[in-house]
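**Student:** In terms of the working numbering, the sequence shown opens at residue 62 and continues consecutively.
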Amino acid sequence: MFEDEAREKLRKYIALTESVFRSMEVSPPEDSCLRKKLEETISLSRIYLGDSKHYMEKGDYVTALVCIAYSEGLIDAMRGLGWLKYEWSLKG
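This is the structure:
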């Protein structure tokens, strides 16, 4: 039962995160050091998204959920700083 529920949550979270990456608007800071950090953090968030897919395919749902949560947390933090604009779409 846990595996079915975890797999469905993962599919939803992965789809939502992919949707954000497709639709987000980037508002980079003027400071070049901060701009570089933004680019690195977006890249890291994408890596965690990919890791989540990898672990889901392997059946390691706990690690996959941790990875997608970290990916979402990174992009939420960047939105909180005003560097990204997007809406979470519950339609997935």
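All C-beta atoms, glycine included, are put in the ideal place defined by N, C-alpha and C.
(1) Pick helix, strand or coil for residue 142, following the three-state DSSP scheme.
(2) Using the C-alpha atoms, what's the distance from residue 136 back to residue 77?
(3) Output the distance between the C-alpha atoms of residue 149 and residue 104, rounded to the nearest integer angstrom.
(4) Where does residue 81 sit, in a helix, a strand or coil, going by DSSP?
(5) Among the candidates 131, 141, 146, whose CA atom is the shortest distance from the CA of residue 71?
(6) For residue 101, count neighbouring Cβ atoms within 10 angstroms of its own Cβ and tell me buried if that reaches 16, exposed if not.
(7) DSSP on residue 91, reduced to helix/strand/coil?
(8) By alpha-carbon positions, which one of 125, 144, 81, 94 ends up nearest to residue 66?
**Tutor:** Taking the coordinates as given:
(1) Looking up residue 142 in the sequence shown gives position 81. Coil.
(2) Sequence index remark: in the sequence shown, residue 77 carries index 16 (1-based). Sequence index remark: in the sequence shown, residue 136 carries index 75 (1-based). So the alpha carbons of these two residues sit roughly 12 Å apart.
(3) Against the sequence shown, residue 149 aligns to sequence position 88. Against the sequence shown, residue 104 aligns to sequence position 43. About 19 Å.
(4) Here residue 81 is taken as the residue at index 20 of the sequence shown, counted from 1. Three-state DSSP puts residue 81 in a helix.
(5) Your numbering for residue 71 matches position 10 in the sequence shown. When each option's Cα is compared against that of residue 71, the closest is 131.
(6) Your numbering for residue 101 matches position 40 in the sequence shown. When all chains shown are included, residue 101 counts as exposed.
(7) The residue given as residue 91 occupies position 30 in the sequence shown. Reduced to three states, the DSSP call for residue 91 is coil.
(8) Position 5 of the sequence shown, counted from the start, is the residue given in the question as residue 66. Ranking the options by Cα distance to residue 66, first place goes to 125.
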